[in-house]
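Below is one structure, written out as structure tokens; the observations come after it.
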Amino acid sequence: MIKPLTKELILSFALLIAFTSCVKKPESPVSPSVKIDIEKKGEDKIFAVNFTCGLKNENDSTAFINVDGIIEIKNNSGAVVLTIPFKTAAILPFETGVVQQKVELSPDQAAPLFDLLSVKKEQLESGEEQGNRIFEEQNVAITKLDMDRKDIIELLRGKLK
Amino acid sequence: MMKNVNDTKIYLTVIIAPLVLASFVGGVSLYSKFAVEAKVKTLLASPATVREGYLLLREPQLFGGYKNWDSDGMAVKNSLRYFDNKLFNGGDIAADEKVYIELVLKRRESGSELGIKSAFFLLLVSLTGFVAYLVEKAKNKNDNLQGDI
């Protein structure tokens, strides 16, 4: 009678540990937005796309360090219009790490992004358009996310030394 | 013919299972109250050891998890976010900020209190089972004696 009970107890304990030790990764960027500016690069005119978003760490005891990822902006047909590689030193528990990345695009490269955001190139050049836009959730996805996970107590103890 | 159920096993389960749980829950909570919380209070009392005290508090009590979304939990979360960031960037904890660490300590104390109360309740369940077992045993003894007569 005891043997099957032991098995159940071990299984329950293993499930409890597996459930409680799960680390939740950021699934989607928070409030992704861009500010598009025109810059001169030598003779050429380029578009500087300043992308900003947040990455939430919803864990209570796991810090993400050396975060390295790629965010892709897709148009409504699913074609990639902008790829943003980013790096963040650390996102501590309960914190929203800020990703700020500048991507430079030629007029041809910028055209699909302008279509998606309904930005008129001429208005941007004349100053009528400020170039600030917020992305719809369905147009933004994290396609790569590598990071080291570290226990917050261990991490902070290392800082106290 | 109806199968005779062995009541003793049921009573023993009712006595032992809550007793084991009470020992675990009570043990963890009493350790938290008299060992961890006492040490945290000592560390927080001195400006030189406040950061050590905070690190000790950073490990939540079994019943006072920092993930829970209650109203007190939000204040605790904000405090943790603030102090984690401060310590990560090599900052010190100022004397007037200690009140926010005490919020985290209060969370741990509430967790311990809940654990101790739960252990007490489980002990009562176990004790009730034990009394019922004794009553049943005495009743069976009387029934057997009357049967013999």
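Residue numbers (the numbering used here), protein chains in the order written: chain D, 1 to 161; chain A, 1001 to 1149. By construction, the Cβ of each residue, glycine as well, lies at the ideal position given by its N, Cα and C atoms.
{"Asked": "Would a check of beta-carbon distances place residue 26 of chain D closer than 8 angstroms to chain A?", "Found": "no"}
{"Asked": "Using 8 angstroms as the threshold, is the C-beta distance between residue 64 of chain D and residue 84 of chain D below it?", "Found": "no"}
{"Asked": "Who pairs with residue 53 of chain D in a beta bridge, going by DSSP?", "Found": "D:99"}
{"Asked": "Could you check what DSSP says for residue 145 of chain D in three-state terms: helix, strand or coil?", "Found": "strand"}
{"Asked": "Could you name the residues that DSSP lists as bridge partners for residue 69 of chain D?", "Found": "D:86, D:145"}
{"Asked": "So with CB distances below 8 angstroms, who are the chain D contacts of residue 1080 of chain A?", "Found": "60, 93, 94"}
{"Asked": "Name the chain A residues whose beta carbon is nearer than 8 angstroms to that of residue 153 of chain D?", "Found": "1055, 1058, 1059"}
{"Asked": "If we define contact as Cβ-Cβ less than 8 angstroms, is residue 1107 of chain A a contact residue for chain D?", "Found": "no"}
{"Asked": "Given that a residue counts as buried once 16 or more other Cβ atoms are within 10 Å of its Cβ, and exposed if not, what is residue 1037 of chain A?", "Found": "buried"}
{"Asked": "Would you tell me roughly how many angstroms separate the C-alpha atoms of residue 142 of chain D and residue 26 of chain D, rounded to the nearest one?", "Found": "9 angstroms"}
{"Asked": "Verify the contact flag: residue 1041 of chain A, CB atom, against every heavy atom of the ligand ATP, threshold strictly below 7 angstroms.", "Found": "In the structure on display, the ligand ATP does not appear, and there are no ligands present to speak of."}
{"Asked": "For the 8 angstroms Cβ check, are there 3 or more pairs between the segment 1087 to 1103 of chain A and the segment 1040 to 1058 of chain A?", "Found": "yes"}
{"Asked": "In the DSSP assignment, find the beta strand (DSSP E) that holds residue 32 of chain D and state where it starts and stops.", "Found": "30 to 41"}
{"Asked": "What's the C-alpha gap between residue 1046 of chain A and residue 62 of chain D?", "Found": "28 angstroms"}
{"Asked": "Should the segment 1011 to 1027 of chain A be regarded as contacting the segment 1117 to 1127 of chain A, the criterion being three or more beta carbon pairs within less than 8 angstroms?", "Found": "yes"}
{"Asked": "Would residue 107 of chain D be called buried (16 or more neighbouring beta carbons within 10 Å of its own) or exposed?", "Found": "exposed"}
{"Asked": "Since residue 134 of chain D is in the beta strand (DSSP E), which residue starts that stretch and which ends it?", "Found": "132 to 134"}
{"Asked": "Which stretch, first to last residue, makes up the alpha helix (DSSP H) that contains residue 1054 of chain A?", "Found": "1050 to 1057"}
{"Asked": "Let me make sure I understand the geometry here. Which of D:6, D:153, D:120, D:160 has the alpha-carbon closest to that of residue 38 of chain D?", "Found": "D:120"}
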